[in-house]
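Visitor: Please find one structure pasted underneath; my questions will follow.
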């Protein structure tokens with residue numbers, strides 16, 4: 001029964017974000033797992049007690065005798081609990097079928113994408129961008145840099161956490177007037193997202209360059225046409241929101257791009273440093289959070305639009321600290337809070353923030369779903385280790401080795417001779433994201 005459940009856990013974990021019944025099913029399963037763990041602890045404790053007393057059991061009846069001893073000597077209610085667990089397992093398997101949960105697909109590819117973000121475009125959407133002048137200058141310097149290597153097309157990744165403004169920075173650079181002097185033509189903007197379909201992305205690049213619909217069905221035909229359009233031309237292409245870690249797919253996508261003129265550039269935005277290291281040919285740019293003052297200014301732009309704001313407003317001074325705390329340097333968070341309060345009377349702002357800040361996910365593409373997307377892309381073993389960190393107090397300083405040992409003690413790292421080394425790999429993987 002457990003094997004049947006395990007086969008659909010990946011699908012259930014995805015669907016719980018949009019289906020409350022699936023979430024309840026998973027909660028019941030976790031609760032049952034705790035009961036199982038308690039039973040196993042009882043068996044293990046009693047087994048160790050018998051070993052300490054020097055008692056031994058032999059033959060095929062060992063487990064049956066041990067089970068009988070545990071249930072009658074340690075915990076008289078254990079038999080009832082084991083029957084309860086078995087019954088609940090049966091019920092959960094039946095519910096699994098009712099919820100239409102699917103088995104994992106080949107290669108672990110998900111059947112559904114419940115966290116997809118809305119596509120981005122190259123058009124400006126912010127009335128004003130705060131705190132990114134220096135970042136923009138550094139990216140423009142990387143674009144203008146003359147490389148002495150044989151690589152004609154320079155790839156520049158912009159790396160940062162969800163909501164920090166990678167797309168906004170790429171948009172600033174893409175629309176900068178100084179690039180016209182460098183004669184980048186053609187230019188293309190493609191939102192990649194988590195579905196790294198080489199044919200779709202290649203067609204999107206082609207359509208962005210030609211401004212015509214592409215009806216070609218075969219990747220070879222699309223790449224030949226794209227090569228023709230880029231042959232000998234100095235181009236600038238932005239690939240926004242890349243999640244692909246497959247090097248072969250990346251090389252295949254790049255094959256027609258290699259026919260551009262020297263000095264051509266590809267800007268990639270991603271949350272994963274490992275992806276940036278795989279793609280870069282020039283240098284990555286790590287994007288950090290903006291200042292508290294910039295967060296506040298961005299909030300005011302979206303909360304008031306063109307309306308005037310009195311800096312001495314007492315109520316604004318009260319709300320300012322909460323905005324800075326909730327935003328924590330993330331532009332998307334400041335913008336989302338501004339939009340949340342824009343239609344509310346100002347006297348209600350404090351109450352609205354207190355009661356609604358954790359319900360932002362119901363409104364679509366806001367800050368919490370954006371951050372959840374990073375969690376969604378973690379493999380299951382990293383999700384457990386990351387979630388465990390929630391018990392650490394805020395601002396608590398911990399050592400890497402200490403955390404790895406805690407993971408080991410909780411059984412979150414695969415058993416083996418190199419558990420500390422595996423735990424360190426988990427830690428570095430989480431840091432890279």
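Numbering (the UniProt record's numbering), first residue to last: 1 to 433. From the three backbone atoms N, C-alpha and C, an ideal C-beta is built for every residue, glycine too.
Assuming residue 270 and residue 159 make a contact with CB atoms under 8 Å, what is their CB distance in whole Å?
Guide: On the chain shown, position 270 is the one that residue 270 refers to. On the chain shown, position 159 is the one that residue 159 refers to. With a Cβ gap of about 6 Å, residue 270 and residue 159 count as contacting.
Visitor: Considering only DSSP beta bridges, list what residue 187 is partnered with.
Guide: In the chain shown, the residue the question calls residue 187 occupies position 187. DSSP, once it has assigned bridges, lists 236 as partnering residue 187.
Visitor: Could you tell me the distance, in whole angstroms, from the CA atom of residue 152 to the CA atom of residue 228?
Guide: Position 152 of the chain shown, counted from the first residue, corresponds to residue 152. Position 228 of the chain shown, counted from the first residue, corresponds to residue 228. C-alpha separation (whole angstroms): 17 Å.
Visitor: What are the start and end residues of the beta strand (DSSP E) that includes residue 157?
Guide: For the purposes of this step, residue 157 is taken as the residue at position 157 of the chain shown. It spans 153 to 159 - the beta strand (DSSP E) in which residue 157 sits, taken as one unbroken run.
Visitor: Can you tell me which residues form a DSSP beta bridge with residue 264?
Guide: Along the chain shown, read from residue 1 onward, the residue named residue 264 stands at position 264. DSSP lists 153 as partners of residue 264.
Visitor: Classify residue 191: buried if its beta carbon has 16 or more other beta carbons within 10 angstroms, exposed otherwise.
Guide: Within the chain shown, the letter at position 191 stands for residue 191. With 16 or more Cβ atoms within 10 Å of its Cβ, residue 191 is classed as buried.
Visitor: Sorted by chain position, which residues of the same chain lie with C-beta nearer than 7 Å to residue 320's C-beta, five sequence neighbours on each side aside?
Guide: As a first step, residue 320 must be located in the chain shown, where it is residue number 320. Excluding residues within five positions, the ones whose Cβ falls inside 7 Å are 296.
Visitor: Using alpha carbons as the reference points, say which of 329, 292 and 346 lies closest to residue 316.
Guide: Position 316 of the chain shown, counted from the first residue, corresponds to residue 316. Looking at the Cα atoms, 346 is the closest of the given residues.
Visitor: Residue 286 to residue 156, Cα distance in whole Å?
Guide: Working through the chain shown from its first residue, we reach residue 286 at position 286. Working through the chain shown from its first residue, we reach residue 156 at position 156. So the alpha carbons of these two residues sit roughly 11 Å apart.
Visitor: Would you kindly check if the distance between the Cβ of residue 388 and the Cβ of residue 410 is under 8 Å?
Guide: In the chain shown, counting from the first residue as 1, residue 410 sits at position 410. In the chain shown, counting from the first residue as 1, residue 388 sits at position 388. Yes, the Cβ-Cβ distance between residue 410 and residue 388 is below 8 Å.
Visitor: Sort out for me which residues DSSP pairs residue 270 with in a bridge.
Guide: Here residue 270 corresponds to residue number 270 of the chain shown, with the count starting at 1. 159 and 242.
Visitor: Hey, could you find the ends of the alpha helix (DSSP H) residue 339 is sitting in?
Guide: As a working mapping, residue 339 is identified with position 339 in the chain shown. Segment 331 to 342, the alpha helix (DSSP H) holding residue 339.
Visitor: Evaluate contact between the segment 31 to 45 and the segment 11 to 18, counting only Cβ atoms and requiring at least three cross-stretch pairs below 8 Å.
Guide: No, the segment 31 to 45 is not in contact with the segment 11 to 18.
Visitor: Spatial neighbours of residue 417 within its chain, please: C-beta separation below 7 Å, excluding the five flanking residues on both sides.
Guide: Here residue 417 corresponds to residue number 417 of the chain shown, with the count starting at 1. Answer for residue 417: no residue qualifies.
Visitor: Any idea if residue 305 is buried or exposed, counting beta-carbon neighbours within 10 angstroms, 16 or more meaning buried?
Guide: Position 305 of the chain shown, counting from 1, holds the residue named residue 305. Exposed, by the Cβ-count rule.
Visitor: Kindly list the residues whose CB is nearer than 7 Å to the CB of residue 28, restricted to its own chain and excluding five residues on each side of it in sequence; keep chain order.
Guide: Sequence index remark: in the chain shown, residue 28 carries index 28 (1-based). The answer, listed in chain order, is 92.
Visitor: Between residue 189 and residue 377, how many whole angstroms is the CB-CB distance? I'm expecting something under 8 Å.
Guide: Residue mapping note: residue 189 aligns to position 189 of the chain shown, counting from 1. Residue mapping note: residue 377 aligns to position 377 of the chain shown, counting from 1. Contact flag wrong, Cβ pair sits at about 23 Å.
Visitor: From residue 385 to residue 5, what distance separates their C-alpha atoms?
Guide: Position 385 of the chain shown, counting from 1, holds the residue named residue 385. Position 5 of the chain shown, counting from 1, holds the residue named residue 5. Rounded to whole angstroms, residue 385 to residue 5 spans 22 Å at the Cα level.
Visitor: For residue 176, which option in 193, 154, 204 and 138 has the closest C-alpha, if you only look at C-alpha atoms?
Guide: As a first step, residue 176 must be located in the chain shown, where it is residue number 176. When only C-alpha atoms are compared, the closest one is 138.
Visitor: Using only the alpha-carbon positions, how far apart do residue 196 and residue 251 sit?
Guide: Position 196 of the chain shown, counted from the start, is the residue given in the question as residue 196. Position 251 of the chain shown, counted from the start, is the residue given in the question as residue 251. Looking at the two C-alpha atoms, the distance is approximately 12 Å.
Visitor: Among 54, 154, 348 and 353, whose alpha-carbon lies nearest the alpha-carbon of residue 333?
Guide: Taking the first residue of the chain shown as 1, we reach residue 333 at position 333. That would be 353, whose Cα lies nearest to the Cα of residue 333.
Visitor: Could you compute how far the alpha carbon of residue 303 sits from the alpha carbon of residue 339?
Guide: Along the chain shown, one-based indexing puts residue 303 at 303. Along the chain shown, one-based indexing puts residue 339 at 339. One C-alpha to the other measures close to 6 Å.
Visitor: What residue does the alpha helix (DSSP H) around residue 178 start on, and which one ends it?
Guide: Against the chain shown, residue 178 aligns to sequence position 178. Note, residue 178: alpha helix (DSSP H), 178 to 181.
Visitor: Give me the residue from 216, 236 and 218 with the minimum Cα distance to residue 185.
Guide: In the chain shown, residue 185 corresponds to position 185, counting from 1. Ranking 216, 236 and 218 by Cα distance to residue 185 puts 236 first.
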